[in-house]
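Residue numbers (this note's numbering), protein chains in the order written: chain A, 2 to 281; chain B, 2 to 281.
Put into structure tokens, the structure is as follows:
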């Protein structure tokens, strides 16, 4: 295929690094594979410690012209978007001419987070970059169907998972968020802009007596897979356990698992389940 | 009508009092009209100060047999449900035989808050009580269409209101909650079990730069109007202003406004709008 022919001599991999643990994982994976990288670290999002040992530059989200210049100056042909990006308000964005042009084309107001990411991927492709998914760079990263560790959901938890899956898909279809927490049939919380970690933290004070709740996380319908796949990692397990949840359920295949061994170790130690649910 | 004939000699009005300011308003309204009341104050929900000056008894939510005995012993024929009730977990509920019988009939797990309230109203009617809405007892309680105070939403805020209305109706249809906060097209938060006050408090730390967000509150589709209508009051305005919102929009007609004069005074002082939106 033509795309594979380009792939043969792509120069360093460009990594547009947002928040969370995913950028570090991609960098480590490239290092292990001997692939050069150039990291464009998004101000206010990327983790300084994760990027400082490799070639990188910091960039505001609104500085699209600078970003494109930096990528080209560093001979980047192939790009991966890794990590979370909170869409800034228009006031905080301070778009440069390039960003303003893009915004004018896609329309700022009509877009949820996901629409914006899809548009960004399209723009990068229009500018001649090849955009790949973080999962293509990571081994064994997708959540398989069934329990990851020793603990399995009981029938009550299964009922909460099924209810949560239905609700999370509806929330995703509205482009609000990817996750809900359900306890005994109740919705303790719905993820919006605060993200999954924020949702888990506030559920600590909302939980009811009796068997704990379940975090359910799904891919938004029509979600741009290369930009914002659902992710669970050690931090998710730690916060879920601290908030008194019984487990985590996420869409098998669609969900990336960061540091699977650590996820399993932490979940087993806390006595909570991590389970991949088929979309069928 | 037959119902009006019964209304002629109903004995004291029974008030099942949950949380928030509504029970106090109903008690004050009855006092002003010279109507006797008997308050069944729900433990963990009702405000002690609001009920202690009138005939009342405290009751667990799970103690349905006790509740029915208390209402009958106090010659209650007509009942109003006022205020919020957080559905307890089954463990905290400790249902007595009557509550267990009701739960067995309606099924515990399948129900959201709204389903449960509808079922409770039906059970009370089955037991021979006449259940009326709090709004039937309060004057000028429904939110009219248009702005309540001096401040009006600008076109940007109107866009957030329209977006919020669409989302809040969808969230309501899922029986998750009644409210969302939208800022510049973004969903800052979705109300679930934490209630509107909790939603507003957490949005304080989630807001973006630039023009503030809007609280949008609607009636759930098919909501039992006598049990859990959307309510806004002085506390809603205070919290909205503290969280940096620009205003509050709620469904005209369906929403109860507690202490309208104080709502208008606080909103005007804070420079935020309170607007009723038609359902058309």
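Built from N, CA and C at the ideal position, the CB exists for glycine as well.
Output needed for residue i: all residues of its chain with C-beta closer than 7 Å, excluding positions within five of it in sequence on either side, in chain order.
i                      : result
residue 198 of chain B : 236 and 240
residue 180 of chain A : 169, 192, 197, 200, 216, 217 and 218
residue 142 of chain B : 136, 257 and 258
residue 35 of chain A  : none
residue 5 of chain A   : Because residue 5 of chain A carries a pLDDT of 42, less than 50, the predicted location of this residue cannot be relied on, and the following value inherits that uncertainty. Around residue 5 of chain A: no qualifying Cβ.
Taking C-alpha atoms, which residue in the options lies nearest to residue i?
i                      : options                       : result
residue 155 of chain A : A/187, A/259 and A/250        : A/250
residue 50 of chain B  : B/22, B/214 and B/33          : B/22
residue 67 of chain B  : B/48, B/54 and B/95           : B/95
residue 282 of chain A : A/43, A/71 and A/248          : Because residue 282 of chain A is not part of the residues shown, which for chain A are 2 to 281, the question remains open.
residue 216 of chain B : B/242, B/195 and B/194        : B/242
residue 150 of chain B : B/193, B/171, B/64 and B/262  : B/262
residue 131 of chain A : A/139, A/153 and A/16         : A/16
residue 31 of chain B  : B/52, B/45 and B/44           : B/52
residue 28 of chain B  : B/63, B/83, B/79 and B/74     : B/83
residue 97 of chain A  : A/44, A/33, A/64 and A/119    : A/64
residue 81 of chain A  : A/176, A/125, A/201 and A/144 : A/125
residue 144 of chain A : A/202, A/234, A/119 and A/121 : A/234
When every heavy atom of the ligand ZN is checked, does at least one fall within less than 6 Å of the C-beta of residue i?
i                      : result
residue 175 of chain A : In the structure on display, the ligand ZN does not appear, and there are no ligands present to speak of.
Return the CA-CA distance between residue i and residue j, expressed in angstroms with no decimal places.
i                      : j                      : result
residue 256 of chain A : residue 259 of chain B : 46 Å
residue 76 of chain B  : residue 232 of chain B : 29 Å
residue 165 of chain A : residue 104 of chain B : 22 Å
residue 47 of chain B  : residue 106 of chain B : 27 Å
residue 207 of chain B : residue 160 of chain B : 20 Å
residue 173 of chain B : residue 85 of chain B  : 16 Å
residue 74 of chain B  : residue 20 of chain B  : 24 Å
residue 209 of chain A : residue 177 of chain A : 25 Å
residue 139 of chain B : residue 202 of chain B : 28 Å
residue 121 of chain A : residue 194 of chain A : 19 Å
residue 33 of chain B  : residue 163 of chain B : 39 Å
residue 167 of chain B : residue 175 of chain A : 9 Å
residue 18 of chain B  : residue 123 of chain A : 55 Å
residue 148 of chain A : residue 148 of chain B : 53 Å
residue 171 of chain A : residue 87 of chain B  : 23 Å
residue 26 of chain B  : residue 101 of chain A : 52 Å
residue 152 of chain B : residue 24 of chain B  : 29 Å
Suppose the cutoff is 6 Å on Cβ atoms and the five residues either side in sequence are ignored; what does the same chain contact list for residue i look like?
i                      : result
residue 279 of chain B : 146 and 253
residue 204 of chain B : 182, 189, 190 and 244
residue 238 of chain B : 264, 267 and 268
residue 61 of chain B  : 44
Leaving out five residues before and five after residue i in sequence, what residues of the same chain have Cβ atoms less than 8 Å from its Cβ?
i                      : result
residue 230 of chain B : 134, 135, 136, 220, 224, 255, 256 and 257
residue 158 of chain A : 212, 215, 247, 248 and 274
residue 69 of chain A  : 99 and 128
Could you run through the segment 265-281 of chain A and flag, in chain order, every residue whose CB is less than 8 Å away from some CB of chain B? none
Do three or more CB pairs link the segment 181-201 of chain B to the segment 263-276 of chain B at distances below 8 Å? no
Does the count of Cβ pairs from the segment 257-270 of chain A and the segment 214-221 of chain B closer than 8 Å reach three? no
Could you run through the segment 180-205 of chain A and flag, in chain order, every residue whose CB is less than 7 Å away from some CB of chain B? 185, 186, 187, 188, 189, 190, 191, 193, 194, 195 and 203
Is there contact between the segment 28-41 of chain A and the segment 53-60 of chain A, where contact requires at least three CB pairs shorter than 8 Å? yes
Taking any Cβ of chain B, which residues in the segment 152-184 of chain A have a Cβ under 7 Å from it, in chain order? 160, 168, 171, 175 and 177
Contact set between the segment 38-69 of chain A and chain B, restricted to residues whose Cβ is under 8 Å from the partner: none
Which residues of the segment 205-220 of chain B have a Cβ closer than 7 Å to any Cβ of chain A? Give them in chain order. 207, 209, 210 and 211
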